[in-house]
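Novice: Position one of the sequence shown corresponds to residue 20 (the working numbering), numbered consecutively onward. Backbone N, C-alpha and C define an ideal beta-carbon position, used for all residues, glycine too.
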Amino acid sequence: MTERNAGPNTTSRQETAGAIPRRSENTKAPAYPLIVHDPFFSIWSTTDRLTDAWPTHWSGRTLPLCGLALIDGVCFRWMGTDTLLSEPLPAMKQTRRRVTPTRTLYSFEASGVRLDVAFITPALPDDLDVLSRPLSYISLDASSTDGIAHDIKLYVDIAAALCIDETEGNVIWGRHKDHEVTSLWTGALDQRILTRGGDNVLTDWGYLHLSAVPGSDASLCIGEGRSLRRAFARDGVIPERDGFAEGIDLVMPAKAAGGEIIGENPVNNYRPPFVSLAASTDLGHRKEKRSWTLALAFDQTFAVEYFGRKLPPWWRRRHNSAISMIATAWAEFAEIDARCTALDQSVMKELRQCGGTILEDLGALSWRQCLGGHALVSDIDGTPLHFSKENSSNGCMGTVDLTYPAAPFFLLYAPQLLAAQLRFIFDYASSPRWTFPFAPHDVGRYPLANGQVYGGCEESEVNQMPYEECGNMLILSAALIRAGGDTSLRAGDWQLLKQWADYLLEAGFDPANQLSTDDFDGHMPHNTNLSIKAIIALGGAAILAEHFGDPVEASRYESAARAATADWLAVKHSDEHYPMRFDMPDSWSLKYNLVWDCILKLDLFPMSLATTETQKYRDMSGRYGTPLYSAAKHTKLDWLVWAACLTGKRDDQDALLAPIGRWLAETTTQIPLNDWYDTDTGEPAKKRGFRGRPVVGGVFMPLLSDRAHEKTARG
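In structure tokens:
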């Protein structure tokens, strides 16, 4: 394969040493990650100004977080909007908004005061203990902009609605203390732990925590949200008695929220109470910068069920309680903050150098979404298991063809987590439960990993994905070998991998009528892109055979892959491109699977194929990107980024990424990054689209491709 050209305009200005390269302090995004840890603990802002709406769960459900600042006796909002959930207070002027891999940063100004807010999620993929902690920091810095001392008081609250799926269900609350660390907590009265799976749902169990940095002059209170906000706006402090409400205090248990209905009848517009955890502080009367930090955490106690075993989150290997975890997070805050800063600087610089501002924006938005679409748990023997969730599509858990598109992120930054995503597939496929000769699609519906729920489940071959999942498992396993280090592949895994390779060999290079990962478009026979996956998977099987010390099989699979490649190239096709289906020579499609030929260093397909295909994709680009195939108007974000990497040339990559940058800037659908959209309108595909899915880890493919091309160029 050819060496990637550095290309022009890798940076737009001179960068200072150590600074995070950037193009704008207010880069627009469809939605902004605030606190994103796993499919349940996932809070986003879906407006460009943090004061224009309440934050939401990735699914769109409102999760009220309120931020107030009392400046010289006048109260302003810096987070949350004016509805019945808060008092009609003026908003501070937002002057900055920026997203990096581990942070979302805002700045606000009012009455001569600047407030800098950082939502910090320690999404450090090389440190499983820190990564698995369900805790984010909210860092607040206040300073004078007019050189005059100001009296500043700050307030934050979060509603109990986050830790209960039925918003009018009953919650209880209390406090935990570990030496100087205090944490407020609330959770459902009826802890229905791991009793059901689903997609657009919250938990029915677990406990939400709010803690202020130890040693700060903070007041903490659990009470009725409106009453707490009114008390702070009036007095600049909140009562330190739990259950506080104006009039009659709350009595446990109380409803998490009475709900909020906006309608013509004002009687229906007010349905108190709603329970909130709140904190306030007095920063004093000074003009120097003053700081305050809070921590939000969510202790699920048990994260997933794995074939009947309730498994705790990974962080509980070290901590037997939430307050212990929170105390450690405070003790390590300075170190973690520095590590997050270093990671942001390194990753943003690498993204910008590889793909300019568009890839920088995509990578920053995708980092937490990719990691936050998974749950990291410890099996009973200490083996890490990293379960994904198909957010907004069907809630499937551990889906192999979701692991596949997200893999570039994990191959670059955490191969051990990719291995932890394959482990349960190997174990499931080797069990008596799985009786088919091909690889499974999933292991359940999140958070219940009790067996495949997609298609024919464990009962039939109806609506299965045999080519797709066999190809994915072989390619990903081979990619782990190429990545080096401990892949956690076991001797028994080779028997399964060999079985899946032989299945593809027997089925032939021309797929029968079946589903692929793009199942939203239904079954497709003679799928040329799916055929490429199978051929590359056979090449991957050769790599795996060598790894497991089986040179005879390695030679057999390599020969089969090269013979199938020759057959593929010999099919009838246009002079300008190869078809979408072998029996439709005038059709075309994104051959995104071809990128793995270079990643795995197989060199099965000629560079001329990538060159002609890429030119076709450039010619067929709509306003917001190139469609998946000739009969479609929609595209997939991950696949389009992969297609941009086929030639290894910066010019091709920039041309195919440019419409994605336009889409990020112009889309009016404000949801966590959508990976399936219309290339003409930018709207969700088929009026549905996808939101908040971890497949966006695929946007890191240009970095993975860069490294593969560099290795090839060096020989």
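According to the neighbour-count rule (16 or more other Cβ atoms, all chains shown, within 10 Å of its Cβ), is residue 284 buried or exposed?
Specialist: At residue 284 the pLDDT is 46, less than 50, meaning the model places this residue with poor confidence and gives no usable figure here.
Novice: Give a yes or no on contact between the stretch 478-492 and the stretch 544-557, applying the rule of three or more CB pairs nearer than 8 Å.
Specialist: yes
Novice: In whole angstroms, what is the alpha-carbon distance linking residue 181 and residue 588?
Specialist: 54 Å
Novice: Can you tell me where the alpha helix (DSSP H) with residue 447 in it begins and where it stops?
Specialist: 434-448
Novice: If we count Cβ pairs, one from each stretch, closer than 8 Å, do we get three or more for the stretch 116-135 versus the stretch 369-385?
Specialist: yes
Novice: Looking only at C-alpha atoms, which of 60, 50, 683 sits nearest to residue 701?
Specialist: Per the Cα distances, 683.
Novice: Since residue 146 and residue 334 should fall inside the 8 Å C-beta cutoff, what is the C-beta to C-beta distance between them, to a whole number of angstroms?
Specialist: About 11 Å; that fails the 8 Å criterion.
Novice: In the DSSP assignment, find the unbroken beta strand (DSSP E) run with residue 388 in it and report its ends.
Specialist: Where residue 388 is concerned, there is no enclosing beta strand (DSSP E), although the alpha helix (DSSP H) it sits in stretches over 352-390.
Novice: Beta carbon of residue 567, beta carbon of residue 513: below 7 Å?
Specialist: Cβ distance < 7 Å, so residue 567 and residue 513 count as in contact.
Novice: Could you give the residue range of the alpha helix (DSSP H) that holds residue 476?
Specialist: Segment: none, residue 476 is in no alpha helix (DSSP H) and carries neither H nor E.
Novice: For the beta strand (DSSP E) that residue 96 lies in, which residues bound it at each end?
Specialist: That run of the beta strand (DSSP E) goes 93-98.
Novice: So does the stretch 291-309 actually touch the stretch 168-186, counting three or more Cβ pairs closer than 8 Å?
Specialist: yes
Novice: So the alpha helix (DSSP H) residue 148 belongs to, where does it begin and stop?
Specialist: 147-150
Novice: Pull up the distance between the alpha-carbon of residue 152 and that of residue 551, whole angstroms please.
Specialist: 40 Å
Novice: Identify which residue in 625, 686, 518 has its Cα closest to the Cα of residue 581.
Specialist: Across the set 625, 686, 518, the C-alpha of 625 shows the shortest separation from the C-alpha of residue 581.
Novice: For residue 635, which residues of its own chain have a beta-carbon under 7 Å away from its beta-carbon, when the five flanking residues on both sides are left out?
Specialist: 595, 596, 607
Novice: Would you mind sorting residue 7 into buried or exposed? The rule is 16 or more other CB atoms within 10 Å of its CB.
Specialist: Here the chain comprises residues numbered 20 to 734, so residue 7 is not present and cannot be evaluated.
Novice: Who are residue 603's beta bridge partners in DSSP?
Specialist: 600
Novice: Taking contact to mean 3 or more Cβ pairs, one atom from each stretch, closer than 8 Å, check whether the stretch 494-506 and the stretch 349-360 are in contact.
Specialist: no
Novice: Report yes or no: do the stretch 135-142 and the stretch 156-172 share at least 3 C-beta pairs separated by less than 8 Å?
Specialist: Segments in contact, yes.
Novice: According to DSSP, is residue 458 helix, strand or coil?
Specialist: coil
Novice: Which ranges would you report for the alpha helix (DSSP H) in the stretch 557-595 if only whole runs of at least 4 residues count?
Specialist: Runs found: 570-588.
Novice: Kindly give me the distance between the Cβ atoms of residue 609 and residue 662, rounded to whole angstroms, as I take these residues to be in contact under 8 Å.
Specialist: Contact between residue 609 and residue 662 holds: their C-beta atoms lie close to 5 Å from each other, under 8 Å.
Novice: Could you check what DSSP says for residue 196 in three-state terms: helix, strand or coil?
Specialist: DSSP places residue 196 within a strand segment (E or B) once states are collapsed to three.
Novice: For residue 655 versus residue 699, is the C-beta distance shorter than 7 Å?
Specialist: no
Novice: For residue 713, does the count of other Cβ atoms within 10 angstroms reach 16, so buried, or fall short, so exposed?
Specialist: Buried, since its Cβ has 16 or more Cβ neighbours within 10 Å.
Novice: At the level of alpha carbons, what is the spacing between residue 672 and residue 447?
Specialist: 39 Å
Novice: Using the Cβ count rule (16 or more neighbours within 10 Å means buried), how would you classify residue 208?
Specialist: exposed
Novice: Measuring only the C-alpha atoms, how far is residue 59 from residue 131?
Specialist: Going from the Cα of residue 59 to the Cα of residue 131 covers about 39 Å.
Novice: Taking contact to mean at least 3 C-beta pairs separated by less than 8 Å, is the stretch 354-373 in contact with the stretch 323-331?
Specialist: Result no; under three Cβ-Cβ pairs closer than 8 Å.
Novice: Hey, residue 316 and residue 228: beta-carbon distance below 7 Å or not?
Specialist: yes
Novice: Taking residue 259 and residue 238 to be in contact with their CB atoms under 8 Å, please state how far apart those CB atoms are, rounded to whole angstroms.
Specialist: Sure, about 5 Å apart at Cβ, within 8 Å.
Novice: Using a Cβ-Cβ cut-off of 8 Å (strictly less than) and excluding sequence neighbours within five positions of residue 363, which residues of its own chain qualify?
Specialist: 39, 119, 120, 121, 122
Novice: Residues in the same chain with beta-carbon distance under 6 Å from residue 637, minus the five sequence neighbours each way, listed in chain order, please.
Specialist: Excluding sequence neighbours, residue 637 sits near 674.
Novice: Are residue 170 and residue 91 touching if we call contact CB-CB under 7 Å?
Specialist: yes
Novice: Quick one: complete alpha helix (DSSP H) runs, 4+ long, within the stretch 122-184?
Specialist: With a minimum length of 4 residues, the continuous alpha helix (DSSP H) runs that stay inside the stretch 122-184 are 147-150.
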